[in-house]
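Residue numbers (UniProt numbering): 1 to 603.
C-beta atoms are modelled at their ideal positions from N, C-alpha and C, and glycine is treated no differently.
Owing to the predicted nature of the structure, the values given are computational and were not obtained by experimental measurement.
Rendered as structure tokens:
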């Protein structure tokens with residue numbers, strides 16, 4: 001039997017010889033991997049579980065593999081960390097720009113570039129291919145100190161276009177096509193010292209455009225076509241007070257200022273106070289007449305209401321600053337309610353279509369109107385208007401009768417009542433009576449639907465009105481009103497269809513000086529507020545129109561349109577520093593407008 005020989009035990013290594021693999025942490029391993037601290041689990045004699053093991057060659061090979069795997073993982077981790085901490089990429093200079101360390105010069109750009117190299121403090125843009133600078137357009141260049149935007153096609157610069165540029169000191173916007181700027185274009189530029197807006201198409205500048213530019217030392221506005229009107233008045237005032245250096249600029253228009261230096265103008269050269277008629281109070285009823293009057297220190301307005309047939313009185317409330325309903329005069333079909341105060345006593349002439357016309361007297365205790373007189377129905381059949389006036393110490397009222405068989409009649413007060421004094425021409429369907437004085441001579445002008453206006457002159461010897469003349473070439477006149485401009489006397493004749501006319505007294509006759517288009521006009525009202533002469537022409541078919549007298553042209557110019565439905569009468573009340581225009585309406589609510597002064601230079 002063959003016996004296998006016993007395995008040979010390898011000879012033990014000499015005690016002083018080095019091990020076959022260097023242990024972890026020695027020089028031989030550190031040449032291949034980064035230096036690592038010794039780990040107990042990597043010990044050649046102590047396994048991770050802590051049990052002693054043999055330190056033979058097999059364990060030595062495992063000892064080499066574990067640190068190699070760990071080193072590879074650690075190397076990958078270190079590479080990942082270094083990659084995560086890599087510095088961000090530095091922005092490049094835009095393709096249409098040339099950049100240095102702290103400046104950029106851009107040509108033919110289609111939009112404001114969104115990225116520039118860091119540290120840019122100077123930017124120039126020329127020949128840009130866009131027209132608008134939007135809000136916050138340069139906010140990403142917060143270090144910018146110099147900005148030049150010349151020879152571009154800019155037409156619009158938005159509010160806050162330069163927001164975020166708190167360090168900007170120089171701003172040049174020249175040779176563009178900018179016609180207007182908004183009020184807050186330069187808001188936020190607290191460091192701006194030099195601003196140029198030269199050679200644009202600016203005609204005006206918004207008020208307080210430079211208000212927040214506290215340290216502005218130089219401003220160039222040359223080469224613009226400024227219109228020197230109320231919108232530029234603030235600039236004139238600002239240049240008088242500012243320490244900012246502004247080279248000479250000139251007015252391009254209007255004609256009276258053309259070629260003048262704006263520096264030479266003063267705020268007094270501008271007349272910038274205008275006006276506006278704004279609805280102040282609405283009365284929820286229709287009316288065909290309105291009259292205002294003062295009685296015992298209070299202001300009143302009385303309206304004739306076609307729906308109820310009553311005369312309704314309103315009194316001004318000095319506390320609430322509105323008209324309050326005060327009293328009614330019950331009637332059947334009132335078309336005109338005319339107040340007249342004689343010897344501190346209030347009387348009301350109530351003209352009615354049916355049931356006759358009457359005269360009422362106001363009694364204080366109890367407070368009421370009492371009928372004191374009837375007006376002869378054989379004389380006044382279809383009243384359309386009532387006029388009151390004082391002549392040679394006596395009070396009169398005239399009633400225009402619009403019926404075919406009616407007669408316009410004149411009544412005189414004789415301390416007990418009004419009594420018939422005179423009958424004027426019959427059969428002409430009169431619509432209106434106007435009392436005036438011409439060259440010191442009292443006259444009445446009667447408007448008629450069947451003939452041109454007729455003028456009657458007062459005969460002091462006979463104490464009656466006698467026929468004087470006729471205002472020819474004007475038929476179908478609804479109403480005649482007179483007014484004065486300084487020492488010149490004018491008439492306004494309103495027509496329902498056709499043109500209303502303005503006539504001036506020329507010493508012997510009235511001469512036509514202006515026509516105003518009328519479309520359904522049945523009421524006209526000349527009135528004065530302060531130094532302003534107005535004319536309100538009503539219309540049944542469109543807006544009523546307010547005209548303002550122009551001293552330069554000696555004509556009325558359109559001023560404002562009012563949305564009134566079929567106006568029939570107007571009256572002005574000046575009370576408590578307010579000017580209130582009352583407007584009756586046959587088809588809508590009766591309205592009160594307030595005359596407001598407006599400073600056009602403040603817009």
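Alpha-carbon to alpha-carbon, residue 229 and residue 384: On the chain shown, residue 384 is found 384 positions in, with the first residue counted as 1. On the chain shown, residue 229 is found 229 positions in, with the first residue counted as 1. The straight-line gap from Cα to Cα measures roughly 47 Å.
Local Cβ density within 10 Å of residue 437, reported as buried at 16 or more and exposed below that: Within the chain shown, the letter at position 437 stands for residue 437. So residue 437 ends up on the exposed side.
Simplified DSSP assignment, three categories, for residue 361: Looking up residue 361 in the chain shown gives position 361. Strand, per DSSP.
Span separating the alpha-carbon of residue 431 from that of residue 456: Residue 431 sits at position 431 when you count from the first residue of the chain shown. Residue 456 sits at position 456 when you count from the first residue of the chain shown. In a straight line, the C-alpha of residue 431 is about 15 Å away from that of residue 456.
Closest Cα partner of residue 311 within the set 327, 318, 264, 298: Position 311 of the chain shown, counted from the start, is the residue given in the question as residue 311. The option with the nearest alpha carbon to residue 311 is 327.
Spatially closest choice to residue 139 from 148, 132, 115, by CA coordinates: Position 139 of the chain shown, counted from the first residue, corresponds to residue 139. It is 115 whose Cα lies nearest to the Cα of residue 139.
Residue burial classification, residue 401 (beta-carbon count within 10 angstroms, cutoff 16): As a first step, residue 401 must be located in the chain shown, where it is residue number 401. With 16 or more other Cβ atoms within 10 Å, it is buried.
Coarse secondary structure for residue 241, derived from DSSP in three states: Against the chain shown, residue 241 aligns to sequence position 241. The answer is helix: DSSP assigns residue 241 an H, G or I state.
Residue range of the unbroken beta strand (DSSP E) whose run includes residue 380: For the purposes of this step, residue 380 is taken as the residue at position 380 of the chain shown. Judged by DSSP secondary structure, residue 380 falls outside any beta strand (DSSP E); it is assigned neither H nor E.
Closest Cα partner of residue 175 within the set 164, 163, 200, 190: Residue numbering aside, residue 175 sits at position 175 when the chain shown is read from its first letter. Answer by Cα proximity: 200.
Boundaries of the beta strand (DSSP E) in which residue 93 is found, first to last residue: Counting from 1 along the chain shown, the entry for residue 93 is found at position 93. Element bounds for residue 93: n/a, residue is neither H nor E.
Whole-angstrom C-beta distance between residue 245 and residue 218, which should lie under 8 Å: What you label residue 218 is simply residue 218 of the chain shown in a count that begins at 1. What you label residue 245 is simply residue 245 of the chain shown in a count that begins at 1. With a Cβ gap of about 5 Å, residue 218 and residue 245 count as contacting.
Three-state secondary structure assigned by DSSP to residue 288: Along the chain shown, one-based indexing puts residue 288 at 288. Correct three-state label for residue 288: coil.
Limits of the beta strand (DSSP E) - the one that residue 123 falls within: In the chain shown, residue 123 corresponds to position 123, counting from 1. Its beta strand (DSSP E) spans residues 122-126.
Residue 160 to residue 231 span [Cα, whole Å]: Within the chain shown, numbered from 1, the residue matching residue 160 stands at position 160. Within the chain shown, numbered from 1, the residue matching residue 231 stands at position 231. Each residue's Cα considered, the two are about 22 Å apart.
Supposed close pair residue 579, residue 594 - CB separation, criterion 8 Å: Here residue 579 refers to the residue found at position 579 of the chain shown. Here residue 594 refers to the residue found at position 594 of the chain shown. Between residue 594 and residue 579 the Cβ distance is about 7 Å, and since that is below 8 Å, they are a contact.
Endpoints, the beta strand (DSSP E) within which residue 560 is located: Residue numbering aside, residue 560 sits at position 560 when the chain shown is read from its first letter. Where residue 560 is concerned, the enclosing beta strand (DSSP E) stretches over 555-562.
Complete alpha helix (DSSP H) runs within the region 196-259 (minimum length 4 residues, chain order): 233-241
C-alpha gap between residue 285 and residue 334, whole angstroms: As a working mapping, residue 285 is identified with position 285 in the chain shown. As a working mapping, residue 334 is identified with position 334 in the chain shown. Taking the straight line from one Cα to the other gives about 14 Å.
Chain-order list of residues whose beta-carbon lies under 7 Å from that of residue 419 (same chain, five-residue window excluded): Position 419 of the chain shown, counted from the first residue, corresponds to residue 419. Contacts found: 411, 412.
Test item: CB-CB of residue 516 and residue 525 under 9 Å: Locating residue 516 in the chain shown gives position 516, counting from the first residue. Locating residue 525 in the chain shown gives position 525, counting from the first residue. No, the Cβ-Cβ distance between residue 516 and residue 525 is not below 9 Å.
Meets three-Cβ-pair contact criterion under 8 Å: the region 353-360 and the region 373-380: Yes, the region 353-360 touches the region 373-380.
Backbone CA spacing between residue 125 and residue 254 [nearest angstrom]: One-based indexing of the chain shown puts residue 125 at position 125. One-based indexing of the chain shown puts residue 254 at position 254. C-alpha separation (whole angstroms): 35 Å.
Closest residue to residue 206 among 233, 220, 195, 216 (Cα-Cα distance): Walking along the chain shown from the start, residue 206 turns up at place 206. With distances taken between Cα atoms, residue 206 lies closest to 233.
Beta-bridge partners of residue 135, as assigned by DSSP: The residue given as residue 135 occupies position 135 in the chain shown. Answer is none; residue 135 lacks a bridge partner.
Assumed close pair residue 144, residue 168 - CB separation to whole angstroms, cut-off 8 Å: Walking along the chain shown from the start, residue 144 turns up at place 144. Walking along the chain shown from the start, residue 168 turns up at place 168. So it is a contact: roughly 6 Å between Cβ atoms.
Cβ-Cβ separation, residue 560 to residue 549 (assumed contact under 8 Å), whole Å: The count along the chain shown starts at 1 and reaches residue 549 at position 549. The count along the chain shown starts at 1 and reaches residue 560 at position 560. The Cβ separation is near 14 Å, so there is no contact.
Pick from 574, 494, 563 that is closest to residue 528, judged by C-alpha positions: Mapped onto the chain shown, residue 528 falls at position 528. Taking only the C-alpha atoms, the option nearest residue 528 is 574.
Contacting residues, own chain, Cβ-Cβ under 8 Å from residue 209 (five flanking each side not counted): Against the chain shown, residue 209 aligns to sequence position 209. Excluding residues within five positions, the ones whose Cβ falls inside 8 Å are 181, 183, 185, 186.
Check whether residue 344 and residue 382 have beta carbons under 9 Å apart: Position 344 of the chain shown holds residue 344. Position 382 of the chain shown holds residue 382. Not closer than 9 Å, so no.
Residue environment, residue 479, which counts as buried when at least 16 other CB atoms sit within 10 Å: In the chain shown, residue 479 corresponds to position 479, counting from 1. By the neighbour-count rule (16 or more Cβ atoms within 10 Å), residue 479 is buried.
DSSP beta-bridge partners of residue 302: Your numbering for residue 302 matches position 302 in the chain shown. 291, 313, per the DSSP bridge assignment.
Whole-angstrom distance between residue 501 and residue 460, CA atom to CA atom: Counted from its first residue, the chain shown places residue 460 at position 460. Counted from its first residue, the chain shown places residue 501 at position 501. Whole-angstrom Cα-Cα distance: 31 Å.
9 Å Cβ cutoff met for residue 391 and residue 407: As a first step, residue 391 must be located in the chain shown, where it is residue number 391. As a first step, residue 407 must be located in the chain shown, where it is residue number 407. No. Outside cutoff.
Contact with chain C by residue 451, beta-carbon distance below 9 Å: This model lacks chain C altogether; it includes just one protein chain.
Cβ distance (whole Å) where residue 606 is taken to contact residue 283 below 8 Å: Outside the modelled stretch of the chain, which goes from 1 to 603, sits residue 606, for which no answer is possible.
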